[in-house]
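The next block holds one structure in the form of structure tokens; read it before the comments.
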Amino acid sequence: MHAHLANVVALILFAGTAAQWLAWRFRIPAIVLLTATGFLLGPLTGQVRPQIEFGSLLEPFVQLAVAVILFEGGLNLHFHELVRAGGGVRRLVTLGLVFSFVLGTASAHLIGLLSLPVASVFGAIIVVTGPTVILPLLRQARLRARPASLLKWEGIVNDPLGAVLAVVVFEFLVTHGEDHGGLALVGTVLGTLGAAAALGWFAGGALGTCYRRGWFPEYLKGPAMLAMVLVTYALGNALLDEAGLLTVTALGLALGNANLPSIEELRRFKENISIVLVSGLFIVLTANLDLGLVRELDWHGAFLIALVVLVVRPVAVFLATLGTDLTWQERLLVGWIAPRGIVAAAVAGAFTTRMLEAGYPDAAKLLPLVFVLIVTTVVLHGFSLPWVARRLGQASPRADGLVIVGASPWAINLAERLRDLEIPVLVVDASWHRLRPARLAGVPIHFGQVVSESADAHLDLSAMGYVLAATDNDAYNALVCTRFSAEFNRSAVFQLPLPAADADERKGLAMSLRGQHVFADDALYEVLLQRYFEGWRFQKTRLTEEFDFATYRKRVGDSLFAALVVRQSGGLILNLERYKGAAGDTVINFLPPER
0 MHAHLANVVA LILFAGTAAQ WLAWRFRIPA IVLLTATGFL LGPLTGQVRP QIEFGSLLEP
60 FVQLAVAVIL FEGGLNLHFH ELVRAGGGVR RLVTLGLVFS FVLGTASAHL IGLLSLPVAS
120 VFGAIIVVTG PTVILPLLRQ ARLRARPASL LKWEGIVNDP LGAVLAVVVF EFLVTHGEDH
180 GGLALVGTVL GTLGAAAALG WFAGGALGTC YRRGWFPEYL KGPAMLAMVL VTYALGNALL
240 DEAGLLTVTA LGLALGNANL PSIEELRRFK ENISIVLVSG LFIVLTANLD LGLVRELDWH
300 GAFLIALVVL VVRPVAVFLA TLGTDLTWQE RLLVGWIAPR GIVAAAVAGA FTTRMLEAGY
360 PDAAKLLPLV FVLIVTTVVL HGFSLPWVAR RLGQASPRAD GLVIVGASPW AINLAERLRD
420 LEIPVLVVDA SWHRLRPARL AGVPIHFGQV VSESADAHLD LSAMGYVLAA TDNDAYNALV
480 CTRFSAEFNR SAVFQLPLPA ADADERKGLA MSLRGQHVFA DDALYEVLLQ RYFEGWRFQK
540 TRLTEEFDFA TYRKRVGDSL FAALVVRQSG GLILNLERYK GAAGDTVINF LPPER
């Protein structure tokens with residue numbers, strides 16, 4: 000039995016990781032592949048039967064995993080994004096939630112023919128659009144900053160609020176008419192929610208203080224944070240069912256905005272855990288779906304799902320954002336995208352049992368309705384988001400641009416050549432004087448430290464896919480590469496070669512702290528600058544079938560001292576060691592005047 004359970008867990012983890020990799024490799028929404036994998040392993044083949052294999056452990060596992068995922072979402076919420084998103088976020092998580100609840104309840108009662116109590120719980124559940132589905136979609140769709148911020152904040156904040164709203168609705172319906180009255184209950188619940196949020200905020204502040212004062216060694220910071228998440232979740236739930244979700248979200252929000260020195264390492268630690276949990280949860284919950292219940296849904300259920308997706312969500316967003324500065328394209332995009340995920344499934348599963356026990360027989364439809372809604376929105380929104388965003392002008396430009404850190408004359412010359420080829424480029428420097436030639440040449444610039452909080456708040460890197468740290472300070476270049484390696488992937492961050500004495504890892508910078516080397520090994524900053532003043536300039540040459548890369552190398556005398564390639568298919572190649580050449584590509588090479 001134990002060996003079989005271990006095999007099932009291993010299969011789930013392997014399948015989840017494989018689905019995530021395939022999604023990344025072929026640019027398919029990960030949640031779509033994870034859902035398909037769950038169906039394949041569960042209802043279709045019976046390889047994974049969560050209710051049988053995990054038994055009573057399934058529900059607490061799902062609850063704790065959702066708590067960790069929500070905390071990770073809160074950890075990635077930055078208050079400066081609220082400035083970018085304007086009042087739209089506040090409207091979506093307040094008025095939007097109310098309109099979605101009211102319209103969803105009315106639709107479920109009038110169209111789905113559910114009793115009002117069951118329809119009310121359904122209306123509360125569908126306001127949830129959580130980070131388990133929104134964040135993977137945003138990662139792949141690459142939206143413009145404002146709609147991305149709107150969807151991210153709404154998904155993370157509405158997740159616990161929707162779960163708690165379901166609790167409030169259920170408790171109100173069950174206790175309505177008793178001595179203490181429904182309104183008194185609502186007042187008590189709101190006070191309890193405030194206490195739960197304050198608990199999470201206080202716990203985050205306390206843990207941040209411990210980190211800042213050095214009371215935890217580096218290797219214990221991640222485990223301590225994970226333990227705090229689980230403890231605060233349990234304490235929040237002790238105050239009120241599902242309030243723990245609000246507590247851990249507040250905990251993540253407090254830590255994420257505490258300006259901790261090691262916050263990026265902690266975010267990566269939590270992100271890695273969350274990816275594993277999201278993958279496993281999607282497979283487990285989908286594998287646990289009883290297709291027999293889905294088949295029992297009639298046309299009323301199908302029409303209700305269509306109404307929720309096509310009418311309720313867009314109308315709720317439109318009404319909630321009236322009077323804001325959002326464009327109609329942004330409102331339409333946000334109104335279209337609302338995939339439901341793990342929290343909706345978990346809450347539906349919990350309340351189906353409770354409402355059946357409370358004497359509402361039509362609550363049996365609750366779980367299949369929510370699962371059909373989850374699958375429908377995951378597939379529909381997962382595949383349509385990039386297309387809809389492009390049609391509405393809300394997709395970021397293709398991410399093949401280059402951020403050049405360091406405004407030296409040769410770097411500005413390189414930026415000009417890239418701009419001539421319509422490649423997005425940005426030159427960053429903390430010296431206004433050094434940036435002057437770039438400004439005069441019409442090259443986009445950013446004045447300030449690229450590793451500062453100001454840059455995090457105001458630097459739009461949505462069109463950028465690569466970073467070149469090209470200052471005269473090798474240690475600073477390494478710092479820049481370390482800072483952006485998580486955001487751009489280590490394979491896309493580069494720095495100038497180090498002198499031979501510093502290139503030795505035993506005496507120089509540790510290899511793990513450096514970016515990839517660009518150009519030839521002897522293309523040091525001082526050498527590049529000297530040759531620029533000697534008349535060397537970056538020149539561009541387009542390769543063809545007749546004039547291929549081998550011919551080009553012969554033409555320039557094998558001189559690829561400082562060269563990169565702009566691919567016809569999109570993207571840059573900044574290290575030409577393995578480059579073989581392709582017709583249509585453009586080589587940008589640093590050459591002397593006679594060439």
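Numbers 0 to 594, taken from numbering that gives the first Met the number 0, label the letters of the sequence shown in order. Glycine included, each C-beta is placed from N, C-alpha and C at the ideal position. These numbers come from a predicted model, not from an experiment.
Fully enclosed alpha helix (DSSP H) runs of no fewer than 4 residues occupy 548-554 of the region 545-575, in order along the chain. Shown here, V449 sits in coil according to DSSP, grouped into three states, outside any helix or strand. In terms of CA proximity to S461, A147 leads the group A18, F370, F70 and A147.
In the structure shown, the three-state DSSP call for T246 is helix. Counting other Cβ atoms within 10 Å of its Cβ, D158 reaches 16 or more and is therefore classed as buried.
Taking the C-beta atoms as reference points, I587 is found nearer than 8 Å to K539. When DSSP states are grouped into helix, strand and coil, H516 belongs to the strand group. With the rule of 3 Cβ pairs closer than 8 Å, the region 303-314 does not count as touching the region 59-72.
Exclusion of the five residues before and after N256 leaves F78 as the residues of its chain whose Cβ lies within less than 6 Å of its Cβ.
Note on Y210: 16 or more other CB atoms within 10 angstroms of its CB, so buried under the neighbour-count rule.
Our two residues, D419 and F493, have alpha carbons roughly 22 Å apart in a direct line.
Scanning its chain for C-beta atoms nearer than 6 Å, with the 5 sequence neighbours on each side dropped, one finds around T104 the residues A118, S119 and G122, in chain order.
In the DSSP assignment, K539 forms a beta bridge with I587. G400 carries a strand assignment under DSSP once its states are collapsed to helix, strand and coil.
Put simply, the backbone Cα of A196 is about 21 Å away from that of A343. Look at the beta carbons and you see the region 27-34 touching the region 130-144: at least three pairs across the two are nearer than 8 Å.
Here the C-alpha atom of A14 lies approximately 23 Å from the C-alpha atom of A140. DSSP, read as helix, strand or coil, puts G251 in helix. A straight-line Cα-Cα distance of about 5 Å links G405 and A469.
Per the DSSP secondary-structure output, F493 pairs in a beta bridge with L467 and Q515. The C-beta separation of A414 from A429 comes to about 17 Å, leaving the pair out of contact by the 8 Å criterion. According to DSSP, residue pairing for V156 in a beta bridge does not occur. For the region 304-387, not one full-length beta strand (DSSP E) segment reaches 3 residues or more.
A Cβ-Cβ separation of about 19 Å leaves I125 out of contact with G72 under the 8 Å criterion. Look at the beta carbons and you see the region 383-402 touching the region 465-480: at least three pairs across the two are nearer than 8 Å. The alpha-carbon of F317 is positioned some 20 Å away from that of L303. Within the same chain, and ignoring the five residues on either side of L69 in sequence, the residues whose Cβ sits closer than 8 Å to its Cβ are G129, P130, I155, D158, P159, L244, V247, T248, G251 and V342. Put simply, of Y551, L142 and E525 the residue whose alpha carbon is nearest the alpha carbon of L332 is L142. If you draw a straight line from the Cα of E421 to the Cα of V442, it comes to about 11 Å. Beta-bridge partners assigned by DSSP to D428: F446. For K579, there is no enclosing alpha helix (DSSP H), as DSSP gives it neither H nor E. For L142, the secondary structure class from DSSP, reduced to helix, strand or coil, is strand. Setting aside the 5 residues that flank it on each side, L296 is surrounded in the same chain by K364, P367, L368 and V371, each with a C-beta closer than 8 Å to its C-beta; the list follows chain order. In this structure, DSSP gives A233 a helical state, which the three-state scheme calls helix.
Looking only at E545, P385, L439 and L563, the smallest Cα-Cα distance to L495 is reached by L563. Using a Cβ-Cβ distance cut-off of 8 Å, the region 44-53 and the region 221-233 are not in contact, since fewer than three pairs of beta carbons, one from each stretch, lie closer than that value.
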